[in-house]
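The next block holds one structure in the form of structure tokens; read it before the comments.
Protein chains: 2
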Amino acid sequence: MQVVVTGGAGMLGKKLVKAILKKGTLAGKDGLQEKVDRIVVLDVVPTADLPNDSRITYTQGEVFDAGLMKKLVTPGTGSVFHFAAIVSAGAEADTDLGYRVNLDGTRVVLDACRALGTTPRVVFTSSVAVYGGDMPSVIPDDFPLRPQTSYGSQKAMGELLLNDYTRKGFIDGRALRLPTIVVRPGKPNLAASTFASSIIREPLSGQDAVCPVDPKTMMPLLSPRKTVEAFLRAHDLPGTSWGSNRALHLPSLDVSVNEMADGLKKLAGADAYKRIKWQVEPRIQAIVATWPGRLNSARARAMGFESDASVEAIINAFIEDDLRPNV
Amino acid sequence: MQVVVTGGAGMLGKKLVKAILKKGTLAGKDGLQEKVDRIVVLDVVPTADLPNDSRITYTQGEVFDAGLMKKLVTPGTGSVFHFAAIVSAGAEADTDLGYRVNLDGTRVVLDACRALGTTPRVVFTSSVAVYGGDMPSVIPDDFPLRPQTSYGSQKAMGELLLNDYTRKGFIDGRALRLPTIVVRPGKPNLAASTFASSIIREPLSGQDAVCPVDPKTMMPLLSPRKTVEAFLRAHDLPGTSWGSNRALHLPSLDVSVNEMADGLKKLAGADAYKRIKWQVEPRIQAIVATWPGRLNSARARAMGFESDASVEAIINAFIEDDLRPNV
């Protein structure tokens, strides 16, 4: 079978591609594991730093390009993982681009899948940014979606589309609402949540990092490792496990920023801990305060999805997978 | 000021246009009533049976035609009422047309409003079809949206877009989730809910009507008269009354089909009552069973929206407004 990964040059997309190559199979239409012969990767960058593997084909292009998408999602495509998106700050700043990529792009992907006539599995990357407004201290599974960003609105619309297309038998869709992914390898980006990775990643490399929020601030975390596991599980679970509601938030480790710093101290010592500079930036604190701090993920846990066991486990996964993968 | 009404040749659109003509004014940007100089009506039919009034301009066209919409939503447009839609059964049968009209059309309308740069008021016609799946016996205001039709999905997506555009200051949006509108004048249509009007309308004209659902079936009802009042109220209320959540379901009169028939009997006598033929059609019963039967509309009531007082009041409004408007 062929697998298509949009946004496959991104951090999660790349890790998923590697995981599929390693696993070698994915659940096919009848639920049995089928050999993955070809992974078609789409992203906007000229070249993707992907493994040298004959099963991979890389194409540079825009996800909202319907003509291109039809050329990629060809007969024999059993599964599509849809990561391509304009992230939160980008979609907030450029409304048109956000809707074009995050809404139109998702529709182009789902319409290409629908055109196959074979009900392929589609795993869609949603976000806890679909929640917003007045929220309880713990978000339950059935909490209404009241996004307060364009990004969250577009993800919520994508979920509605995915559910409708699934109900109509066009696709076999599954959507995962991601919490804050920590520890992201690489450099800080413009996301308001970037500090959550920085305060672990930088001290581990002997560099200072600023924590711009109050130490008591709650963050729902998930490691890239567990996220990739969740995408594979979301894909392979039978449709009956999902029922008619094809979107859920993933189990997260809900900890305060202070507990994150304590985890770093336990694992890397007091010197690393002291690299965290506590300087509240009201602009960042204000944004983070609108995010859900805790999630009750009973539904996902019942379906076998797992959170990380501890902050130390999250840091260890980062060290093993990204910092010293060859050690 | 100029007012644009999409779908203005439809039953509700036409009644709203007449109500605006009669009222003569609508709330302007500062909340004060402003004279309505011009009502631009768009619909797909060649000619609309609208009052002969120099303030009305009628244009035939598609709501998803962005070029046309820009020509209609010109500077000076203070308000847009967006009714144009493919109804439930139509959007279910023709997925592409449903998304083109109900999703793309709504986006075209909101983008034309946004292009003005003057934050016009937009009143969007949503539906209780945004609810679905497992529902409690009474739907509260904050119930999550899990539509089980393409129509409901598209309306939920329209609400998300309207909320996002409002939050960003592009428009001043308001969305009303309509229950079953009863009594609709004219002939039965293909909607599964058409019987709810037929069992009142036909007996009043000495004709038989089939009731295809169990007499105990609950229906949330609203008369066209109260619906038009609600659109004017939704428009004129200050944005602060709405807050950040710009969508709500309207107060409805939640009665059983049996109570509807009893109301007819009280008002029009036993002969009219006997015109209702009780013949359960499992196909219709199954569809109606997926709809919310009762709604708790505390939020809308607190904002001054009203339901009809009784089945008799609904029937009397129909007789006065549609059956014998000139008596």
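If you read the sequences in order, they're chains A and B. Position 37, counted from 1, in the first sequence is what my numbering calls 197; the numbers after and before it change by one each time, with no gaps. Position 37, counted from 1, in the second sequence is what my numbering calls 197; the numbers after and before it change by one each time, with no gaps. Quick reminder that beta carbons are idealized off the backbone N, C-alpha and C, glycines included.
As for any alpha helix (DSSP H) of minimum length 4 sitting wholly inside the segment 424-478 of chain A, the runs are 442-448, 458-462, 471-478, ordered along the chain. In the structure shown, the three-state DSSP call for V415 of chain A is strand. Judged by DSSP in its simplified three-state form, K328 of chain B adopts coil rather than helix or strand. By the beta-carbon neighbour count (other beta carbons within 10 angstroms, threshold 16), K315 of chain A is buried. When rounded, the separation of the alpha-carbon atoms in A477 of chain A and T450 of chain B is 46 Å. Sequence-distant partners of R281 of chain B (beyond 5 residues in either direction) whose C-beta falls short of 6 Å from its own C-beta, in its chain, are S239, D332, H395. In this structure the segment 361-369 of chain A does not lie against the segment 178-195 of chain B, because fewer than three pairs of beta carbons, one per stretch, are closer than 8 Å. Take the alpha-carbon of T278 of chain B and the one of F330 of chain B: they are about 8 Å apart. If you check the CB distance, L320 of chain A and S313 of chain B come in under 8 Å.
Bounds of any alpha helix (DSSP H) do not take in G238 of chain A; it lies within the beta strand (DSSP E) bounded by 237-242.
At least 8 Å separates the CB of G265 of chain B from every CB of chain A. Each residue's CA atom was taken as its position, placing D264 of chain A and V196 of chain B some 36 Å apart. Between M317 of chain B and chain A, the shortest Cβ-Cβ separation is below 8 Å. 8 Å or more divides the Cβ of P304 of chain B from the Cβ of F284 of chain A. Neighbourhood of N405 of chain B in chain A, by CB distance below 7 Å: G293, R306, in chain order. By the rule that beta-carbons nearer than 8 Å mark a contact, N212 of chain B does not touch chain A. If you ignore the 5 residues before and after M317 of chain A, its C-beta comes within less than 6 Å of the C-beta of L263, all in its own chain and listed in chain order.
The beta carbon of F224 of chain A does not come within 8 Å of any beta carbon belonging to chain B, so the residue lies off that interface. Taking a Cβ-Cβ cut-off of 8 Å, the neighbours of K328 of chain B in chain A comprise T255, S310, given in sequence order. Sequence-distant partners of I299 of chain B (beyond 5 residues in either direction) whose C-beta falls short of 8 Å from its own C-beta, in its chain, are V288, Y291, H409, P452, R454, L455, N456. Within the same chain, no Cβ atom closer than 6 Å to the Cβ of S214 of chain A is found once the five residues on either side in sequence are excluded.
In the same chain as L232 of chain A, and ignoring 5 residues on each side of it, the C-beta atoms closer than 7 Å to its own belong to V164, V200, L202, T219, in chain order. Listed along chain A are L320, L321, N323, D324, each with a C-beta nearer than 8 Å to that of S313 of chain B. For L382 of chain B, the secondary structure class from DSSP, reduced to helix, strand or coil, is strand. The residue among A:Y325, A:R443, A:K426, A:P307 with its C-alpha nearest the C-alpha of Q308 of chain B is A:Y325. Bounds of the alpha helix (DSSP H) holding V177 of chain A are 171-183. Identification of chain A residues near F303 of chain B by a Cβ-Cβ cut-off of 8 Å yields P304, ordered along the chain. If you draw a 10 Å sphere on the C-beta of P485 of chain A, you find fewer than 16 other C-beta atoms in it, and that means exposed.
Exclusion of the five residues before and after P235 of chain A leaves L276, T278 as the residues of its chain whose Cβ lies within less than 8 Å of its Cβ.
According to DSSP, C371 of chain B shares a beta bridge with B:W438.
Taken through DSSP and simplified to helix, strand or coil, Q314 of chain B comes out as helix. In the DSSP assignment, I246 of chain B falls outside any alpha helix (DSSP H) and carries neither an H nor an E. The Cβ-Cβ distance between S404 of chain A and I474 of chain A does not fall below 8 Å.
Annotation for F355 of chain B: no beta strand (DSSP E) segment contains it, though the alpha helix (DSSP H) segment containing it runs 354-364. In the three-state reduction of the DSSP assignment, L263 of chain B falls in the helix class. Of all C-beta pairs linking the segment 345-362 of chain A to the segment 413-421 of chain A, three or more are shorter than 8 Å, placing the two stretches in contact.
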